[in-house]
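Have a look at the structure below before the remarks.
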Amino acid sequence: MQYQSTRKSVFSVHYHVIWCPKYRRDVLRGPIQTRLKQIIGEVVAEILKGRSSRRLRQEFAHLARMKCLWSPSWFVSTVGGAPLEVVGRYVENQKPTAGRKVTAA
4 MQYQSTRKSV FSVHYHVIWC PKYRRDVLRG PIQTRLKQII GEVVAEILKG RSSRRLRQEF
64 AHLARMKCLW SPSWFVSTVG GAPLEVVGRY VENQKPTAGR KVTAA
């Protein structure tokens, strides 16, 4: 298993998420796709750390006195599931065919 890392994180995550833009327009490509992935990662980390910190501080008074509960670093890894090759074939088979036209607007 290969891990990727940034300044504050180490991860190995392989998900198959299908988001269908309205009318299945082909808009989640290139820089838009790259930025969407960054935004999702930032939002998930912010929500998980923020909400869990808030709830723990409510339940354990001594934690409320700490300036910070979480470090800015994190690690994520998924387990199980289909091999990446199988997921890749599935995704390729979902692409539009000659009978299904997808347009960008």
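Per the numbering used here, residue 4 is the first one in the sequence shown, and the count goes up by one each step.
Note that beta-carbon positions come from the ideal geometry of N, C-alpha and C, so glycine has one too.
These numbers were taken from a predicted model, which means no experiment stands behind them.
Look at residue 16 here: in three-state DSSP terms it is coil, with no helix or strand label. The Cβ atoms of residue 66 and residue 57 do not sit closer than 8 Å to each other.
Taking the C-beta atoms as reference points, residue 16 is found no nearer than 8 Å to residue 94. Under the three-state reduction of DSSP output, residue 7 falls in the strand class. In the DSSP assignment, residue 79 is bridged to 14.
Linking residue 92 to residue 49 through their CA atoms gives a straight-line distance of about 33 Å.
Membership of residue 48 in the alpha helix (DSSP H) is indicated by the continuous run 33-62. When C-alpha distances from residue 51 are compared across 75, 86, 38, the shortest belongs to 75. With contacts defined by Cβ atoms closer than 8 Å, residue 73 and residue 12 do not form a contacting pair.
Put simply, the backbone Cα of residue 90 is about 43 Å away from that of residue 69.
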